[in-house]
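With my numbering, letter number 5 in the sequence shown gets 6, and the count goes up by one each step, no holes. Cβ coordinates follow ideal geometry from the N, Cα and C atoms, glycine included. I have placed the structure first, in the form of structure tokens, so that the comments after it can refer back to it.
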Amino acid sequence: MTDAMATLPRVTSLSPSTALYDWAMDVMSAACDGTAMPERPHGLDAEHTRAEKRSKAIMPTTYAAFCERERLAAFADVCRRWRF
């Protein structure tokens, strides 16, 4: 098991792209304000899927990376709730 753990990729940052982050903020604002959901930027589905897989596959090595993984998971939950 130790050998398998040593082969896992380790990063200190799991930050999503600016487009994904900006859209996530728009989604959260719309959810809080009760307004219409914003249109998804082109190509966001693939990025969201990649971010979700990455957040599950990569073992964070710092507290900040762990927090970013949790933020990505929360964003994925919002997307599922709003059927995005």
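Check your understanding: So, is A25 buried or exposed, given that buried needs 16 or more other C-beta atoms within 10 angstroms?
Key -> buried
Review point. With DSSP run on the structure shown, which of helix, strand or coil describes T50?
Key: helix
Check your understanding: What did DSSP end up calling A31 once you bin it into helix, strand or coil?
Key -> helix
Point to revise | Assigned exposure category for T3 - 16 Cβ within 10 Å defines buried | key: Summary for T3: the model assigns pLDDT 49, below 50, so the residue's position carries little reliability; its value from the coordinates is reported in the next sentence. With fewer than 16 other Cβ atoms within 10 Å, it is exposed.
Practice item. Could you check what DSSP says for T13 in three-state terms: helix, strand or coil? Key: Summary for T13: the model assigns pLDDT 44, below 50, so the residue's position carries little reliability; its value from the coordinates is reported in the next sentence. Residue state, collapsed to three classes: coil.
Practice item. Consult DSSP for M38 and reduce its assignment to one of helix, strand or coil. Key: coil
Point to revise | Outcome for C68 when other beta-carbon atoms lying within 10 angstroms are tallied against a minimum of 16 | key: exposed
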